[in-house]
Amino acid sequence: METSLSTHDVTPSATLEAAPSQTDLTAGVFSQRGQLPAVTSLVLIAPLALLLGWAFFMPIAKLLFQSISTPTWTLEHYSRLIHEPLYMRIIMRTVLISLSTTLAALLLGYPIAVLMTRAKGLMAGLVAACVLVPLWTSVLVRSYAWIVLLRRNGIINNALREWGLIDQPLSLLYTEGAVLVAMIHVLLPFMILPIYSTLINISPDLTKAALNLGASEARAFRTVTLPLSLPGVFAGCLMVFVLALGFYITPALVGGPRTLMIATLISQQATAFLNWPFAGAISLVLLLLSLGITIAFKRLLRIERMVTGV
Amino acid sequence: MLMQAKGSRQSHNCGLAVHISSISRHYGAVCAVDNVSLEVQAGEFFSLLGPSGSGKTTLLMMLAGFDEPTSGRLVVGDRDLTRVPANKRNIGMVFQKYALFPHMSVADNIAFPLRMRGLSRAERDERVRRALAMVKLEGYDSRMPGQLSGGQQQRIALARAIVFNPPVILMDEPLGALDKKLRQHLQLEIKQLQERLGATVIYVTHDQEEALTMSDRIAVLNSGKVMQFGQPSALYHKPANAFVADFLGEMNFIPGEVVGSERDECQVRVGAAVVTAQAPDGLKLQTGTKVRIAVRPERMSILAEDAARERTSRLSGHVTQLVFNGASLIVLVELDQGPTVRASVNTQSKLAELQVGEAISVAWSARDAHAYPEPA
């Protein structure tokens, strides 16, 4: 009797439960916080997660695992990296070039971002085109363009000789300078765009208010516009620095063997010397450098946010 | 007379007169401000009232120095400011969207103009404290603007605009972003603050009620021109033209034709009836001129059909709708001549028992009606 009653009870209650859960689902989809229910979220991110896991994280994990497990459990690849001055020099050079690239991109990019917010009409279109067209052009094309410009009988050397400024062609290509110039050129849009997007969102009323309250144009910029654009500056610097650290094509093309950078070194070890474990060890160092810098920047940004309360 | 009253109330009057002489601003072929001349007296609360696109904001921007007039002169006190850059004008300004610096605390925001003027730290702190007290936000020094409500932010903006004792304060629809209740509250507060400071305030708004409530004088602008300026009551009771009559408050318009005039009064034929109205100042209305007669709903009385036949300005019609709005009863009357007019009557009177469809008459005394010539 009791069991029959309970089974009788279960069926309607189950159908009753199904109905509210249905409404819960729709309520969840349209909830104020814009959060999706867990299952829906998982289904939505699954394809990307699978692809990334299979084609990105797994090979990296395998590479990194090789670096400590080949031929047996060992740290010899890492000790080689640390003890051979050549490799430390390459790492230092990479960090230095990345830092210089970031700094130069900031100094060149900030004024351009400001110009983009102030330009009107034809000028605005022109400036935007100058920033965006290079971004849409392949890195390979841009790097080869630098080769055409910088090589021994390239455009620059020819022009200088024609004007009688030099007798012998200068060796411009395959120098650190060439790498730096080409990298700045390639990475500049990544600095300009985040800065531009913060600048364009600063209300022009704020500058007007500062002027009205007695600030000169320069002081209004220093006390209002500049501090409010810092989040964009940090985002741009982070982006450029991290991209520069692992930059491969441009340094490989316009830099010679004397200006080897980490990414080129990794590819050399993996493809030329087939020393996969050592390539893995260098990769880990690059990964840690990038992560460390990113986290440090995030910290800085959070402190900045705390101070500004934005 | 008004100014004398103000003077006695305010002992440390620090306001300066503002002389706007023949100022124009053209953008290409577009004329945003068209030869505007206004004399704003020291310590006066002066409103620039007009619909959007009337040039009131452009005029204010030129006063602040963010825009340069194409021609004309701007003098504050005895200083010609026409070509003086914005940061050298020493004029306070309150923006519609507050324009507080989001990365600075309330205290730093208010201290900003003092820092620009090189005041010492101690002096700054003291003045910031006093300014915060004036806008009733003591103890908010260390808050960030983002943590405050709209009304509080606008008070901080107000404190920042008055802290350096500017002789003239410009306000660009400062209450436009706030809800109605808060707006009415702040209207009174701003007005009281202005009277205490004695500063000249030039206040831009498109809200005619706000302008009527707060201002000593109002200039009504339309398409870049001053349509009329004067005290709120003068503008309300004696509008100089149909635009002002229509823009300020509620107004009934009845079309008609002038059949005769003597002194400042004229007889206007509406259908078969003839009514009396005042001609605008200094305007002689010729017989035959097409006009619109303007009468305020609260000046329009309702009479039983057979009552007061001796009243000259009387038009008959019937009630089409009754709207109770608390303080008064709005009666919509369709006149026999065609147009529908609104009359507002006291809910306590026996007229409150009117029925829809009832035949009645509307009437007014000649001094409450104005005739404006129809544009040709």
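For the record, the sequence lines run as chains G and V. -9 is the number of the first residue of the first sequence in the working numbering; add one for each residue after it. 15 is the number of the first residue of the second sequence in the working numbering; add one for each residue after it. Just so it is clear, CB atoms sit at the ideal spot from N, CA and C, and this is done for glycine as well. Treat the numbers as computed from the prediction; the structure is a model and nothing was measured.
{"query": "V:D186 - DSSP class collapsed to helix/strand/coil", "result": "strand"}
{"query": "Cβ of G:G282 within 9 Å of any chain V Cβ", "result": "no"}
{"query": "G:A39 to G:V33 span [Cα, whole Å]", "result": "10 Å"}
{"query": "Within chain V, partners of G:V214 - CB distance below 7 Å", "result": "F115"}
{"query": "Completely contained beta strand (DSSP E) runs for the segment 130 to 199 of chain V, where each covers 3 or more residues", "result": "182 to 186"}
{"query": "Within 9 Å, strictly: CB atoms of V:G79 and V:I183", "result": "no"}
{"query": "Cα-Cα separation between G:V123 and V:N49, rounded to whole angstroms", "result": "47 Å"}
{"query": "CA-to-CA distance, V:E203 to G:V85, given in whole angstroms", "result": "60 Å"}
{"query": "Which of helix, strand or coil DSSP assigns to V:D382", "result": "helix"}
{"query": "9 Å Cβ cut-off: residues of chain G touching V:P127", "result": "N202, L203, G204, A205"}
{"query": "V:D81 versus V:L297 - alpha carbon distance", "result": "37 Å"}
{"query": "G:L139 versus G:V244, G:L277, G:I272, G:T30, residue with shortest Cα-Cα distance", "result": "G:V244"}
{"query": "Interface partners of G:D195 on chain V, CB under 9 Å", "result": "F109, Q110, K111, Y112, A113"}
{"query": "Buried or exposed (CB count within 10 angstroms, at least 16 for buried), G:L15", "result": "Bear in mind that the predicted position of G:L15 carries a pLDDT of just 44, short of 50, making it unreliable; the figure below should be weighed with that in mind. Counting Cβ neighbours within 10 Å, G:L15 comes out exposed, since fewer than 16 surround it."}
{"query": "Of the residues V:S61, V:R87, V:F178, V:S119, the one placed nearest V:S38, counting alpha carbons only", "result": "V:R87"}
{"query": "Cβ separation of V:I374 and V:V347, assumed to be a contact under 8 Å, to the nearest whole Å", "result": "7 Å"}
{"query": "Interface partners of G:R150 on chain V, CB under 7 Å", "result": "It should be noted that the sequence gives Leu, not Arg, for residue 150 of chain G. Here the premise fails: no neighbours, minimum Cβ distance about 46 Å."}
{"query": "G:A225 at chain V interface by Cβ criterion, 9 Å", "result": "no"}
{"query": "Any chain G beta carbon closer than 9 Å to V:K70", "result": "no"}
{"query": "Classification of V:F60 by the beta-carbon crowding that lies within 10 angstroms, buried from 16 upward", "result": "buried"}
{"query": "Short-range partners of chain V found in the segment 97 to 131 of chain G, where Cβ spacing is below 7 Å", "result": "none"}
{"query": "Within chain V, the residues that G:P217 reaches when beta carbons sit closer than 8 Å", "result": "H117"}
{"query": "Where V:N236 sits in the DSSP three-state scheme", "result": "strand"}
{"query": "For V:Y217, the first and last residue of its enclosing beta strand (DSSP E)", "result": "214 to 219"}
{"query": "The segment 119 to 139 of chain V in contact with the segment 199 to 210 of chain G per 3-pair CB rule at 8 Å", "result": "yes"}
{"query": "Three-pair Cβ contact test at 8 Å for the segment 49 to 68 of chain G versus the segment 139 to 148 of chain G", "result": "no"}
{"query": "Host beta strand (DSSP E) of V:R328 (start-end)", "result": "328 to 338"}
{"query": "Assigned secondary structure, G:S11 (DSSP; H/G/I helix, E/B strand, else coil)", "result": "Residue placement at G:S11 is flagged as unreliable, the pLDDT there being 41, under the threshold of 50; a coordinate-derived value is accordingly withheld."}
{"query": "Other residues of its chain near V:V258: CB distance less than 8 Å, five sequence neighbours each side excluded", "result": "V234, M241, Q242, L249"}
{"query": "Within the segment 224 to 309 of chain V, ranges of the alpha helix (DSSP H) (whole runs, at least 4 residues)", "result": "246 to 251, 256 to 261"}
{"query": "Residue range of the alpha helix (DSSP H) that includes V:H117", "result": "Neither: V:H117 is in no alpha helix (DSSP H) and is coded neither H nor E."}
{"query": "Backbone secondary structure at V:G106 - three-state DSSP", "result": "strand"}
{"query": "Whole-Å CB distance - V:T84 paired with V:H40, under 8 Å assumed", "result": "5 Å"}
{"query": "Within-9 Å CB hit, G:R209 to chain V", "result": "yes"}
{"query": "Neighbourhood of G:T165 by C-beta distance below 7 Å, restricted to the same chain and skipping five residues each side", "result": "T249"}
{"query": "Those runs of the alpha helix (DSSP H) which lie wholly inside the segment 40 to 122 of chain G and span at least 4 residues", "result": "48 to 59, 66 to 73, 75 to 108"}
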